[in-house]
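Down below is the structure, laid out as structure tokens.
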Amino acid sequence: MATIIETNDTHLYYGKKEALKGISMAFTANEITALIGPSGCGKSTLLRTLNRMNDLIPNVTITGKITLNGQDIYAPEMDIVELRKEVGMVFQQPNPFPFSVYDNVVYGLRLAGIRDKRQLDEAVETSLKAASVWEETKDVLHQSALALSGGQQQRVCIARVLAVKPDVILLDEPTSALDPISSSKIETMLLTLKKDYSIILVTHNMQQAGRISDRTAFFLDGRLVEYTNTTKFFTNPSKQESEDYISGRFG
Amino acid sequence: MREIFGSELQKLHTRFSEMGMMVNEAIYNAVKAFVDHDRELAQNVINNDNQINAREVDLEQRSFEMIALQQPVTSDLRMIVTIMKASSDLERMGDHAVSIARSTIRVKGNPRVPEIEADIAKMARFVEKMVAAILDAYVKTDAKKAKKIAGQDKKVNQAFQDIYTDCIKQMQQSPETVVGSSDYMMVASYLERIGDYVTNLSEWIIYLKTNKIVELNNNDNERM
């Protein structure tokens, strides 16, 4: 089991507020890792540190080390555009650009300077197929992505990430705005994708974590409480706080 | 929400404990009827068995609903699974009490063997105590005690062997006791089976407490 991303005593402060209180964990390649915990526990913050999305927020201080394939992603020589190509992100609300489906998917490739039409066409088809949305979009590739349903938009956003061939896909509650059928399509797709990608998923849906993840990490108040294989976590967690949270005994 | 689920779970637990008491009483009465040659009490045990059966169905129904509607995990799930599995063990124990009661009714009027009856009464009291103890261990979720109780099943098996051998000897010596003695053998075997179900119950208590599925009295093999 190869480690793809590793955090080592990662602290993150929003101004003076400590949102991550020393997180050390290793994410395994070609697995789905679920990050769970109540709102404000730091799971999305941690997810965003993994491709430096927090750089955009003023007053953020990050200490500790985070490595991707052994390379320090906060090192001065790290190219953020390159990092985000390797570590793509999908958000809670589908956020297609107000372009056609085709232009959405090739957006990252064009940024990277690729102009060859055959190469772009091929990437569009492969990525949309991998994101399980090709059948629904192949006849409307040049129409606006905004005309698609929420579930289709989300899968196009995933295709947009896949097109740049990342190593890691970060997903921040990718199905919470979707109906159960669309959610199920995305879950099935993620299970298929994990043979080629490492997937890190923030979710509030326990059943979703149970259904698709290999490992589950439970966060509380900026701390990593428990990180173990998902079957163990949902049948016999080691920590009382984990047990209380997944049994709904909190709050 | 958690309070509602918690109180449902508590109700399930209470109704299961009640079922345990019903079965315990059935065994107690079946044994008492056998020892006292009390046909009326034996008939009561038989008549009351449908209440035990109905309770099992009721517990299963509630468990299915809670699993479908509440999607319980970890200790909540284990509690429901334990009750579903253990209630079917209890129901079978109740059936054995009925079988003992039927033998009591049958044996009356046949030539009897007081020494063997005394041994059966002794075995019965021992089993009865195991049943009461295992129900107590369930209520306290005491896995250690449960395992200890299961260990006593060896004595029950030995008592069965002894009674069996004595019955065979008795039949050879006094053929007029053949009908009565074969019922003695059966009663002893029902008691022995009840002891096995006590072992099953202790396995469920261990699962409830530790999440481990164990096989007791069988080289202590562990799965998982």
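Protein chains in written order, with my numbering: chain A, 1 to 251; chain B, 252 to 475. Each residue gets a CB set at the ideal place from its N, CA and C atoms; glycine is no exception.
query, result
"Beta-carbon proximity check, valine 106 of chain A vs alanine 163 of chain A, cutoff 9 Å", "yes"
"Serine 100 of chain A versus A/Gln143, A/Ile158 and A/Asn54, residue with shortest Cα-Cα distance", "A/Gln143"
"Contiguous beta strand (DSSP E) assignments of at least 3 residues, all confined to the region 123 to 184 of chain A", "168 to 172"
"Listed by chain order, chain A residues near serine 326 of chain B by CB distance under 9 Å", "Asn236, Glu243 and Ser247"
"Minimum C-alpha distance to isoleucine 212 of chain A - residue among A/Lys138, A/Asn229, A/Trp134 and A/Glu125", "A/Asn229"
"Glycine 210 of chain A at chain B interface by Cβ criterion, 9 Å", "yes"
"Asparagine 95 of chain A, buried or exposed, once every other Cβ within 10 Å from all chains shown has been counted against 16", "exposed"
"Listed by chain order, chain A residues near methionine 252 of chain B by CB distance under 8 Å", "Gly248"
"Any beta strand (DSSP E) of 3 or more consecutive residues that is wholly inside the region 320 to 402 of chain B", "none"
"Spatial neighbours of arginine 84 of chain A in its chain, beta-carbon cut-off 6 Å, leaving aside the 5 residues before and after", "Asn51"
"Helix, strand or coil at isoleucine 485 of chain B according to DSSP, with G and I counted as helix", "Limits of chain B in this structure are 252 at one end and 475 at the other, which puts residue 485 of chain B out of reach."
"Three-state secondary structure assigned by DSSP to phenylalanine 219 of chain A", "strand"
"Beta-carbon proximity of serine 198 of chain A to glutamate 31 of chain A, cut-off 9 Å", "yes"
"Proximal residues of chain B, C-beta to C-beta of glutamine 207 of chain A below 7 Å", "Gln322"
"Continuous alpha helix (DSSP H) stretch holding lysine 460 of chain B: start and end", "429 to 461"
"Own chain residues within Cβ distance below 8 Å of threonine 28 of chain A, not counting five before or after", "Met1, Ala2, Thr3, Ile4, Ser198, Asp214 and Arg215"
"Terminal residues of the alpha helix (DSSP H) in which glutamate 259 of chain B lies", "253 to 287"
"Beta carbon of asparagine 451 of chain B nearer than 9 Å to that of aspartate 340 of chain B", "yes"
"Chain A within 9 Å of glutamate 315 of chain B, Cβ atoms only", "The displayed chain sequence assigns phenylalanine, not glutamate, to residue 315 of chain B. Not an interface residue."
"DSSP-derived helix/strand/coil call for asparagine 295 of chain B", "helix"
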